[in-house]
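S.K.:
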Amino acid sequence: MIVPFLLLLLLAAVIFVIKKACLWVNTWRLRWRLEKQGIRGPKPCFLYGNVPEMQRIQASSIKNTGAENIGFVSHNYTSSLFPYFEQWRKQYGPIYTYSTGNKQHLYVNHPELVKEMNQNKSLNLGKPSYVTKRLAPMLGNGIL
């Protein structure tokens, strides 16, 4: 009675490991292709991607701003909300790649390229219809 259960549990574990390995290989293959084209980015950790580095940069940014900016309103909110994007943009340029877990992201901070990518319908740019339909009343039919 316990042997079939253990075999089923072992089979589930093997399937899980194989699926994770395939995701990991696909992520590294995509990253390698982007690097071949000259698109670099911060080196990710094995399981967490660049999330630990994002947290470290965020914490140091909060520490550096400190109490002297209380009451100060800045319209450059992206550099205060996402300081890691700003740091990586300065380090790697307007186009770079980073990862969160096993998902690879392409950061594009070049308006003409974003416009061209948005107009190209043949590319699969990772804009699922369920997300765009849900956010359409708030964001319209723009880039997001």
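For what it's worth, the working numbering labels the leading residue of the sequence shown as 6, then goes sequentially. The beta carbon of each residue, even a glycine, is placed where N, CA and C say it ideally should be.
Looking at the unbroken alpha helix (DSSP H) that takes in I67, where does it start and where does it end?
M.R.: First-last of the alpha helix (DSSP H) with I67: V56 to T70.
S.K.: Taking Q109 and T102 to be in contact with their CB atoms under 8 Å, please state how far apart those CB atoms are, rounded to whole angstroms.
M.R.: Right, their Cβ atoms sit about 6 Å apart.
S.K.: Mapping the DSSP letters down to three states, classify Q42 as helix, strand or coil.
M.R.: The answer is coil: DSSP assigns Q42 none of H, G, I, E or B.
S.K.: Which of the three DSSP states is assigned to L118 in this structure?
M.R.: In this structure, L118 counts as helix in the three-state DSSP scheme.
S.K.: Output the distance between the C-alpha atoms of L149 and L11, rounded to the nearest integer angstrom.
M.R.: Here L149 scores only 49 on pLDDT, less than 50, and its place in the model is too uncertain to base an answer on.
S.K.: Shorter than 9 Å from the beta carbon of V56 to some beta carbon of chain D?
M.R.: In the displayed structure, chain D is absent; only one protein chain is listed.
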